[in-house]
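Presented below is the structure to which this report refers.
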Amino acid sequence: MIELKKVHKSFGDLEVLKGIDLTVEKGEVLSVIGGSGSGKSTMLYCVNAIENIQSGQVMVDDISVHDKRTNINTLRQKIGMVFQQWNSFPHLTVLENAALAPQIVLGKSKSEAEKIAKEQLDHVGLGDKFKEYPTRMSGGQQQRLAIARALAMEPEYMLFDEITSALDPELVGEVLDTLRLLRKEGMTMICVTHEIAFAREVSDKVAFFHKGVIEEIGTPEQVIVNPQKERTQQFLSKVLQ
Amino acid sequence: MNKFKLKYIVYSIIILYFSFKAYVSIKASTLTVYDLEFLLEGLERTVYISVTAIIIGTFFGIIFGWIKSNSGMVTNLFVSGFLDILRSVPLIIQFILFYAFMGILEIDISVFWVGAIILSAYTAAFVTEVVRAGIDSVSQTTRRAARSLGMTYWQDYRYIVFPLGLRAVFPSWISIVLSVIKDSALVSVIGYLEILKTTEELISKTQEALLLLIGVGFFYFIISYPISLYAVHLERKLKI
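The listed protein sequences correspond, in order, to chains C and B.
When we follow the numbering used here, the leftmost residue of the first sequence carries the number 1, and every step to the right adds one.
When we follow the numbering used here, the leftmost residue of the second sequence carries the number 1, and every step to the right adds one.
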């Protein structure tokens, strides 16, 4: 379970998160929508301590993420993350990209790590690209590689930060299909996304962020189909045009 | 036969031709075998001091480069200031001043080490900038991705930042190496008998200035050229 309790986060004088309370149960999919600068990506970064917080608490399976005594590298093994920029490691082949972390972080043998990596690459449909270098692949393929690379760590949670925003429109589908697959397998996910239709389709819960607070949260029906708050309505009418 | 091979065959023929010419000229000159041995010893010292400076300088350059790309303003200012002095003051002045200070402070240190220390510091000053640029060339988002996989700070350096940064700045490092080899000639001002100094002495002894300078130029070439060749090869191999 991922829990955020009264999380405050500022960059200098700018307060980006103004007391976020949020719970994601095991097996749940939460989509986070909202305009740029609403703090949705920052919230995601706070979950695996890429960004620190000023006050409040982030709990992952009852471990306090921002506690100084918490070994963050160990905790991150549970939490996979995929970013807007796909960030493949360009000096490594596709297989090495996915096998590196299991090998050096989890201490698995090379053959074991490669076995897991191959499984996950097959999983996202890159089974024929093991020896390819990422720079020769399309954005969509690289993004699927990033997903496989995170999955190879066998995480319990996955965080997705606008992973289709930097893709050409025709490549968005293949990445979303991969997410649908994970959803079917019961992966717990938080997806920050601009794909409203997708959020509506796959989510158990949707949260609308506005200026650092959760303006509205509920089922996709509640938030996307019948938004109650004026700001949510305005936002949706803009993006759904 | 490809172009590449042809190039080397042509080179070999030219080298053989000039070697023969050189042999004839040396035969006809007043140079003795002992003079040539003396020259080769100078060559050896040039290689010795250059390699020392490159190893030590690169080692410290990596440390300072890391400090520069990671530390706050104050440390940065301090390190930069120090390195800027090293880079801006002509090497020849640094050799003389440092040698003089060692004398004033009555520190017993060989000419070799005076030269090696200054040359290392000079190398480090340049390598620092190269290393900093290398580290900065690896995007924050890539490093963030590495850390999000649970890699530690040092694993991120070892497996991501180092191999990527190296590719970005390897050519710059090679040009530093090549310039250090040539700059090592300046150690002669404090009396270190490297190749240029030995040549000077032989010139005053034998009056064979032209022949000797061509010879010594050729020696520098045969040290430097294989390095740049190998660098090109490595660069191709590492290319992403």
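All residues carry an ideal CB built from backbone N, CA and C; glycine is no exception.
Paired residues, beta bridge with residue i - DSSP
i: Gly-34/C; result: Phe-209/C
i: Gly-80/C; result: Met-158/C
i: Ser-64/C; result: Met-59/C
i: Val-29/C; result: Met-189/C
i: Glu-216/C; result: Phe-208/C
Integer Cβ distance of residue i from residue j, believed to fall under 8 Å
i: Ile-118/B; j: Gln-94/B; result: 5 Å
i: Lys-229/C; j: Leu-30/C; result: In fact, because the Cβ distance is near 18 Å, the residues do not count as touching under 8 Å.
i: Ala-101/C; j: Arg-149/C; result: 7 Å
i: Ala-116/B; j: Thr-58/B; result: Not quite, the Cβ-Cβ distance comes to about 13 Å (not below 8 Å), so this is no contact.
i: Ser-184/B; j: Ile-49/B; result: 5 Å
i: Val-114/B; j: Phe-126/B; result: Incorrect: roughly 20 Å between the Cβ atoms, too far for contact.
i: Met-187/C; j: Met-158/C; result: 6 Å
i: Ile-26/B; j: Thr-123/B; result: Actually they are not in contact, since the Cβ atoms of Ile-26/B and Thr-123/B sit about 34 Å apart, beyond 8 Å.
i: Ala-168/B; j: Gly-134/B; result: 5 Å
i: Cys-46/C; j: Val-58/C; result: 6 Å
i: Glu-215/C; j: Arg-231/C; result: 5 Å
i: His-66/C; j: Asn-48/C; result: Rounded, the Cβ-Cβ distance is 11 Å, inconsistent with contact.
i: His-123/C; j: Leu-151/C; result: 7 Å
From the options, residue whose alpha carbon lies closest to that of residue i
i: Gly-127/C; options: Glu-119/C, Tyr-133/C and Glu-28/C; result: Glu-119/C
i: Asp-84/B; options: Ala-28/B, Ala-121/B, Trp-66/B and Tyr-99/B; result: Ala-121/B
i: Ile-20/C; options: Ile-217/C, Val-225/C, Asn-71/C and Asp-168/C; result: Ile-217/C
i: Pro-155/C; options: Met-81/C, Cys-191/C and Leu-30/C; result: Met-81/C
i: Ala-99/C; options: Met-137/C, Ala-146/C, Val-213/C and Glu-15/C; result: Ala-146/C
i: Tyr-220/B; options: Glu-37/B, Leu-178/B and Ala-168/B; result: Leu-178/B
i: Ser-203/C; options: Val-213/C, Ser-64/C and Leu-181/C; result: Leu-181/C
i: Val-105/C; options: Asn-97/C, Ile-224/C and Gln-77/C; result: Gln-77/C
i: Val-223/C; options: Ala-207/C, Gln-234/C, Ser-237/C and Lys-238/C; result: Ala-207/C
i: Ile-50/C; options: Arg-231/C, Ile-79/C, Gly-27/C and Glu-28/C; result: Ile-79/C
i: Leu-202/B; options: Phe-38/B, Ser-12/B, Ile-15/B and Tyr-8/B; result: Phe-38/B
i: Glu-15/C; options: Leu-44/C, Ser-38/C and Ser-138/C; result: Ser-38/C
i: Thr-142/B; options: Pro-163/B, Val-216/B and Asn-2/B; result: Pro-163/B
i: Lys-239/B; options: Met-102/B, Phe-170/B and Val-138/B; result: Phe-170/B
i: Glu-25/C; options: Pro-220/C, Ser-109/C, Asp-62/C and Ser-237/C; result: Asp-62/C
i: Ile-241/B; options: Ser-71/B, Ile-222/B, Val-232/B and Val-74/B; result: No statement about residue 241/B is possible, as the shown extent of chain B runs from 1 to 240 and does not include it.
i: Val-172/C; options: Gly-140/C, Lys-6/C and Lys-108/C; result: Gly-140/C
i: Pro-235/B; options: Trp-173/B, Ile-181/B, Thr-199/B and Lys-68/B; result: In the sequence as presented, Pro is not what sits at residue 235/B; that position holds Glu. When only C-alpha atoms are compared, the closest one is Trp-173/B.
i: Leu-44/C; options: Gln-233/C, Val-225/C, Val-7/C and Gly-27/C; result: Val-7/C
Run of the alpha helix (DSSP H) containing residue i, from where it starts to where it stops
i: Met-43/C; result: 40-47
i: Tyr-34/B; result: 33-70
i: Trp-278/B; result: No answer is possible for residue 278/B: it lies beyond the span of chain B, which begins at 1 and ends at 240.
i: Pro-227/C; result: Here Pro-227/C belongs to no alpha helix (DSSP H), and DSSP marks it neither H nor E.
i: Lys-182/B; result: 162-183
i: Asn-76/B; result: 73-88
i: Glu-219/B; result: In the sequence under discussion, the amino acid at residue 219/B is Phe, which differs from the Glu named in the question. From DSSP, the alpha helix (DSSP H) with Phe-219/B extends over 209-238.
i: Thr-199/B; result: 195-206
Where the beta strand (DSSP E) through residue i begins and ends
i: Glu-327/C; result: A question about residue 327/C goes unanswered here, because the residues of chain C that appear run from 1 up to 241.
i: Phe-11/C; result: 2-11
i: Thr-188/C; result: 188-192
Three CB pairs or more closer than 8 Å across the segment 78-88 of chain C and the segment 100-116 of chain C: Output reads no: the segment 100-116 of chain C does not touch the segment 78-88 of chain C.
Inter-stretch contact (C-beta, 8 Å, three-pair minimum) for the segment 89-108 of chain B and the segment 34-47 of chain B: No, the segment 89-108 of chain B does not touch the segment 34-47 of chain B.
Three or more C-beta pairs below 8 Å linking the segment 30-48 of chain C and the segment 193-204 of chain C: Segments in contact, yes.
At least three beta-carbon pairs within less than 8 Å, the segment 60-74 of chain C to the segment 139-159 of chain B: The segment 60-74 of chain C makes contact with the segment 139-159 of chain B, as at least three CB pairs between them are under 8 Å.
The segment 92-109 of chain C / the segment 129-138 of chain C touching (three or more Cβ pairs under 8 Å): In this structure the segment 92-109 of chain C touches the segment 129-138 of chain C; the number of beta carbon pairs closer than 8 Å is three or more.
Validate contact between the segment 162-176 of chain C and the segment 2-18 of chain C using beta carbons, cut 8 Å, 3 pairs: The segment 162-176 of chain C, when compared against the segment 2-18 of chain C, does not touch it at the 8 Å Cβ threshold.
Contact the segment 45-63 of chain B vs the segment 148-165 of chain B: 3+ CB pairs below 8 Å: Because the criterion of three Cβ pairs below 8 Å is not met, the segment 45-63 of chain B and the segment 148-165 of chain B do not touch.
Sufficient close CB pairs (3 or more, under 8 Å) joining the segment 184-196 of chain B to the segment 8-23 of chain B: No, the segment 184-196 of chain B does not touch the segment 8-23 of chain B.
Stretch pair the segment 157-172 of chain B + the segment 209-218 of chain B: three plus CB contacts closer than 8 Å: The segment 157-172 of chain B vs the segment 209-218 of chain B: no contact.
Three or more C-beta pairs below 8 Å linking the segment 172-187 of chain C and the segment 210-225 of chain C: Short answer: they don't touch.
Cβ contact check for the segment 199-208 of chain B and the segment 24-41 of chain B: 3 or more pairs under 8 Å: Verdict: yes, contact present.
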